[in-house]
Structure formats: structure tokens, C-alpha cells
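Q: Dropping the structure in here first, questions after.
Number of protein chains: 2
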Amino acid sequence: MALIETPYLLFLGDAPDALAAKVAQGVKDWRPEFAIGQYRMEGCNADMGLPDLDLQAAVDAGCKTLVIGVANRGGVISAAWKAVLVAALEAGLDIASGLHNLLRDEPELVAAAKANGRALHDVRIPSVKYPIANGEKRRGKRCLAVGTDCSVGKMYTALCLEREMRERGMNADFRATGQTGILITGDGVPLDAVIADFMAGSIEYLTPDNDDDHWDLIEGQGSLFHVSYSGVTMALVHGGQPDALILCHEPTRAHMRGLPGYQLPSMQALRDIALQLAQVANPGCQVVGISVNTKAMAEDEARAYLAAIEAEMDLPATDPFRFGASALVDALEKI
Amino acid sequence: MALIETPYLLFLGDAPDALAAKVAQGVKDWRPEFAIGQYRMEGCNADMGLPDLDLQAAVDAGCKTLVIGVANRGGVISAAWKAVLVAALEAGLDIASGLHNLLRDEPELVAAAKANGRALHDVRIPSVKYPIANGEKRRGKRCLAVGTDCSVGKMYTALCLEREMRERGMNADFRATGQTGILITGDGVPLDAVIADFMAGSIEYLTPDNDDDHWDLIEGQGSLFHVSYSGVTMALVHGGQPDALILCHEPTRAHMRGLPGYQLPSMQALRDIALQLAQVANPGCQVVGISVNTKAMAEDEARAYLAAIEAEMDLPATDPFRFGASALVDALEKI
């Protein structure tokens, strides 16, 4: 990824509801300093509570990039969107998008970007030629979130850790490995779109040598137990060379996401296999804690679940988004 | 991969020595029925012992495809090569290549292929849009070679198993997952060049539902213990859904290939972790035997090593290329 210039104008388009604008919500929640304003079209039912800015007002306020913060209906960039996007390029904004259909495949946008000297960032696909991993030991510390399944809160866990560490004055950076994370932070590796031979190398590239006290908080992807995506996870475990693993789980999942015939592994199975594999790249790696996505549970139920798993696994357990990441950062500070 | 039409004319070009022509050697060793003739240019020091055919003679003998069986010097398709390749297309042959520099990037070849209605097969990169793996149980049986390291003989192991099974009248197919294997057999998945999200799906595609008594003998790639490529291996373990694993090893290797700081794992460590991971996709998976590449050992030394490891691991162990694959196929027949 070329770095996406900040701050952003968040484009909400004609979002039918708040959920469709979850990328914009992520930027607003996790990088409020990047979120200067929002741009809403007729029929938009999402609202980030930010100033509604027209394109010129956004430029005047210092915005550098219009970030498409909403999913497009039917996977098509509509004529109505296109008119706004062309006008944004003409007004002097770059555009960043994680949509499956790429900005670069739209001739009007390519022409307008070229005519106005602006950049189109398609974060869905890599723009860097990553190296093959060399496995050399890097300075600085790295934490990787690994999950019992896909979509159990690994990105939010890493972002919560970053926030808590920064509040404590620690030297820490979230490292995005997925499209939403990249749009939130402006940089990262779209790992699921990297060529197989370069996956681990892309993660080495993302988390280079750093200060001894620096933490890379690496966004996990997939699961070692998810047969569709386990290879991607494996590349994170080896390319990320983590010093610390956080186990992530969502307790109400009936089966592996998208795989009705597959049960979730136990936390013990995840701990044991992830640690063995991580120690190939970093013999000192430790499992330091558990992050549970308790969104589907009432508060007392969630607290009881966390207490039980903490006792069972003898590791600090929390829902960092709901109850804070202190216990996990306390554990990381000891490394 | 679109299927490459057989039989082949093996192009040896100006190979400086026999080693440079190892793809041609592989075709000749493993698919002699595809190897009708060879084409050698001035300065060629390789010889497959096949009839030297000019292009017209090759076409008259029934050849369908010229296979580039030699590495090109300096990574450039020279003018001298190009003249032969254009003439081959004009004579009515397709061309298949595993070179890093692609046939399709050479305008003269593209033009000649188009003018003559011939195909250019660049097996270095995928030509199929693979699905995301769905993990559904498939009929038929699958065996995967997994290694303590890269380049320890996984392809040769799978090819030896195929040959022995076919000699016994069993229903078996080698499934190529690398460029050399694809050129040898005319079909397969160039797994190292597949996009991350589709790796496991490409292996499901390669080894579909089959007869209950059919064996897919899947070429392994990388190693779960090789930090540069372990994600690729993981996709094979889960996408391949193996019923049987064969452990592959090269006993004289001082460190992991290309990674001076990394020691090879023990056979026990490979067995335990590969089996645990494979049982996620196929709970009935078993480790059935050991394949050792003893090329660097004298015969008595090799036999002593095999006897020792057989006793230590309580699994049949052989060098299938040197001493035959019977013991391994005996074990597979029991599954």
C-alpha cells in the first residue's frame, strides 16, 4: 500500500442503514483525528455525527482523501456515486476504496484522477511488490491476535490494545492486514489478496525492525482451524514473528463461519497449536491472554463467562471493546 | 490451468548442462509416453536420449506441444530461442513454459500464436479463477507428502507412489501443485502463485470428488516449519483433505533451505503437528510412512538410516526413488 493521505472526508453515499457504513464508523471510532467530516447523498440513512461538508468545504478544512466508507449496492459504482467521486478528484481530493469493484476499473475516475493529479487507492489489492520472507529476527515486540474462527473480533482486539497502550504512553502501532483496517489507519497489507509465495514476506514488510520498546499490534486474519483461510493465518503466525499471542473467541458461534460441518476448536487446542507454530519463528513466544467478543451476551452472562474461562485457562480474559483492554496490556507489559 | 495437449516435443535449447534441463528430464522420467522427441540448438549440452526432431518431424510424429524443458540463461528469452518458438507455433505446435518471464509478455510469440491459432501455456501463473474452499467432504482418497523442509523430495515421492500404484493396477493420479509437476503431467495448480484467499480452494478444485477407490497423490509444497512458505503448506493440508500423510525428509540438510538461522524439525514434531492440522479437515487422517531422500548417502549408509528411522518412528520408511515405493503403497492399501 502507498500510504493514504489523511485526514479524510468520509463518503457515506446513499447508505441504506448504519451497518452499510461500518468502514466509516470504524474510522470515526478508531481514528477520530482523521475524520473531519462526512458526505451524504440523497437517501442516506447513516450518520456519523460529523459535520456534513461539501467537497470544497472538505478541501478547505484540510481533507486530503475521500474514503468510501460504505458498501455499494449490488457491487456496482452507480452513476450518482461516480458524479460525486469525479467532482471530488476535481476538487483536489484523492479517493480510497475497499470495494470489490475497483476504482481503477472505472474509466471516468481514472481520467479525472489523471487530469487532476490525484491518486486512486484500491485497498482491496496490494500495490507493493512484497519480498519472500527471510525469517530474520527483528527488533521490537509484536503481538498477534489469533482466533478460534474468522470474524471473532481480532481487528477490534488489536485496535483496543493500541488505544490502551497509547493511553499508557507506550510506543505501539496497530498493523492492518485487511481492507477495513487499512482504510481506518491509512496503511497496511491486504493479506487475503497477496500471492501465496509472498504472504509471510508481506507481514515481515508490515512489521519491520523497530525500537526495542515498540509494539506492533498485528490484526489477525482467518483461523488455523478454518480450512478455507488457514494458510493466510499461518503466514501471519510465521511472518509476524510474534512475541505474544492473544486468543480470540466468540462464544455463541454454532459452527465455523461458512462451514456448517465444522465445529469450533477448544481454546486449549487453539492455544497449543498456535503456540507451537509461533515458536518456530520465535522460540520465546507466549500466549498472554484471551479476548472474547461478548456482544451477543447480557452483561452478567458475559462477566460470568469471562471469569470461568479465566479460571479454566489460567490466563487473563476480557472483552476489550466492552470492558477495556487493561488486563491484556498488563500482561503484555510483562514481556 | 487449461490442460496442456500431449504428446510433447521437449525443447532443450542451448542448455549448458544436464541440470539446466531438469524439467525435460522429469517429463522423460515420469511421462515417457508424452516424450516423443527432443529439440536441441547449437551449444546444447543436455541429451534425453530421445530422437532429435525438427519442428515438422515433431508435428508429423503427432506432437501437440513444445515444452520448454530448460531454464533460460539470465532470465531472458533470447532472440535465438524466440526464432525457434515462433517457428514452432507456425508449424502447428502449442508452447508450454514454466519460465519466470512469461511467453505472453513476448509480443512476437503472442502474435505468432494468434496468427496460427495456437496456445501459449505459462504454467508459472494460474489461468483458472479458483473458488474459496468450502471444506465439504469429497469422495475418493487423498495422500499428501509433507516435508521437514522445502525441496526434500515431495514431488518425486508422489510420482513414485503413482507409478507403484499404477503398476499394481490401482486407480491413482499424481496431482501437480508446482510448475515442474505441471509441465511433467500437463495439468495442475501453480499454488505458489495463487492469491491467498483461494489457495485451499485451488487444491479442492485439483482433487475433486472421485471414485471411492481412487487415490489423489498430491504434490506437497514448502513445509509447515519453513517460515517463508508455511502458509502454502497449510492450504495443502486443509484444501487437500488428506486421508494419509507421508513424511518427507532429507537427512544431510544443515538448516532450513534459505534460512540459516532455522534448524529442521524432528520427524516426531512434523508428524504431530501435521496430523493435528490435517485432522481438522479430515478426522480420519493417518500418518502412514516416511520418504527419505538419500541421494547424498552411500547405499549402506542409506539403508542403515532407513532402518533406524523405521524403528524409531514405527512407520515404514524408504527412499522410494532409490529403493522403490512398495512399503509406502502397502501402507496406503490398508486405508
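Chains A and B are the protein sequences, given in the same order.
Note that this note's numbering has the first sequence beginning at 1, numbered continuously upward.
Note that this note's numbering has the second sequence beginning at 336, numbered continuously upward.
All C-beta atoms, glycine included, are put in the ideal place defined by N, C-alpha and C.
Just so you know, these numbers come straight off a predicted model, no measurement behind them.
Does the distance from the CB of B:L479 to the CB of B:L444 come in under 8 Å?
A: no
Q: By Cβ distance, which residues of its chain are closer than 6 Å to B:K476, with the 5 residues on each side in sequence left out?
A: W550, D578
Q: Quick check on A:N293: does DSSP put it in helix, strand or coil?
A: coil
Q: Using 10 angstroms around the beta-carbon of A:N293, count the other beta-carbons present and answer buried if the total reaches 16, otherwise exposed.
A: buried
Q: First and last residue of the alpha helix (DSSP H) that includes B:L518?
A: Start and end: 514-520.
Q: Could you tell me which uninterrupted alpha helix (DSSP H) segments, each at least 4 residues in length, are contained entirely in the region 138-183 of chain A, listed from first to last along the chain?
A: For the region 138-183 of chain A, whole alpha helix (DSSP H) runs of length 4 or above, ordered along the chain, are 154-167.
Q: Under 8 Å by Cβ, that's how I've got A:D197 and B:A528 pegged, so tell me the actual separation to the nearest angstrom.
A: About 7 Å separates the CB atoms of A:D197 and B:A528; that is less than 8 Å, so the two are in contact.
Q: DSSP on A:Y39, reduced to helix/strand/coil?
A: strand
Q: Applying the criterion that 16 or more other CB atoms from any shown protein chain within 10 Å of the CB defines a buried residue, is A:S230 buried or exposed?
A: buried
Q: Report the partner residues of B:A653 according to the DSSP bridge assignment.
A: Here residue 653 of chain B is Thr; the residue named in the question, Ala, does not match the sequence. Answer by DSSP bridge pairing, in chain order: B:S626.
Q: Looking at the secondary structure, which residues open and close the alpha helix (DSSP H) in which A:G201 lies?
A: 199-206
Q: Counting contacts by CB-CB distance shorter than 8 Å, is B:L650 in contact with chain A?
A: no
Q: Taking Cβ positions, are A:C160 and A:A278 nearer each other than 8 Å?
A: For A:C160 and A:A278, no; Cβs fall outside 8 Å.
Q: Around the C-beta of A:Q268, are 16 or more other C-beta atoms found within 10 angstroms, so that it is buried, or is it exposed?
A: Exposed, since its Cβ has fewer than 16 Cβ neighbours within 10 Å.
Q: Does any C-beta atom of chain B lie closer than 8 Å to the C-beta of A:I195?
A: So, interface residue.
Q: Residues of chain B with CB under 7 Å from A:H238, in chain order?
A: V562, S565
Q: Could you tell me the boundaries of the alpha helix (DSSP H) in which A:S230 lies?
A: 230-239
Q: How would you list, in chain order, the residues of chain B whose beta-carbon sits under 7 Å from the beta-carbon of A:M234?
A: S565, G566, M569
Q: How would you call B:N380, buried or exposed, if buried means at least 16 neighbouring beta carbons within 10 angstroms?
A: Using a 10 angstroms sphere on the CB of B:N380, the tally of other CB atoms stays under 16, which defines it as exposed.
Q: Around the Cβ of B:H573, are there at least 16 other Cβ atoms within 10 angstroms (buried) or fewer (exposed)?
A: buried
Q: Are any of the Cβ atoms in chain B nearer than 8 Å to that of A:I273?
A: yes
Q: So, using beta-carbon positions, are A:I246 and A:G289 closer together than 8 Å?
A: yes
Q: Which of the three DSSP states, helix, strand or coil, is assigned to B:V394?
A: helix
Q: Just to confirm before moving on: does the CB-CB distance between B:A350 and B:L390 stay below 8 Å?
A: no
Q: How would you label B:A450, buried or exposed, when you count the other beta carbons within 10 angstroms and need 16 or more for buried?
A: exposed
Q: Run the CB neighbour count on B:I530, radius 10 Å, all protein chains shown included, and call it buried at 16 or more, exposed below.
A: Buried, because 16 or more other Cβ atoms sit within 10 Å of the Cβ of B:I530.
Q: May I ask you to list, following chain order, the residues of the region 122-138 of chain A that have a beta carbon less than 8 Å from some beta carbon of chain B?
A: I132, A133, N134, G135, E136, K137
Q: Where does the unbroken beta strand (DSSP E) through B:I430 begin, and where does it stop?
A: 429-432
Q: Taking 8 Å as the cut-off, decide whether the C-beta atoms of A:R138 and A:D209 are in contact.
A: yes
Q: Quick check: the region 491-509 of chain B against the region 589-600 of chain B, are at least 3 beta-carbon pairs closer than 8 Å?
A: no
Q: My understanding is that B:R459 touches B:H435, with C-beta atoms under 8 Å, so please give their C-beta distance in whole angstroms.
A: 6 Å
Q: Judging by CA-CA distance, which residue of A:Y156, A:P316, A:A79 is the nearest neighbour of A:Q25?
A: A:Y156
Q: Looking at C-beta atoms only, is the number of pairs between the region 309-319 of chain A and the region 367-375 of chain B that lie closer than 8 Å three or more?
A: The region 309-319 of chain A and the region 367-375 of chain B do not touch, with fewer than 3 CB-CB distances between them shorter than 8 Å.
Q: Where does the unbroken beta strand (DSSP E) through B:I644 begin, and where does it stop?
A: Element bounds for B:I644: not the beta strand (DSSP E) but the alpha helix (DSSP H), 634-648.
Q: Over what stretch of residues does the beta strand (DSSP E) that includes B:D457 continue unbroken?
A: 455-457
Q: Hey, how far is the Cα of B:K417 from the Cα of A:A119?
A: 39 Å
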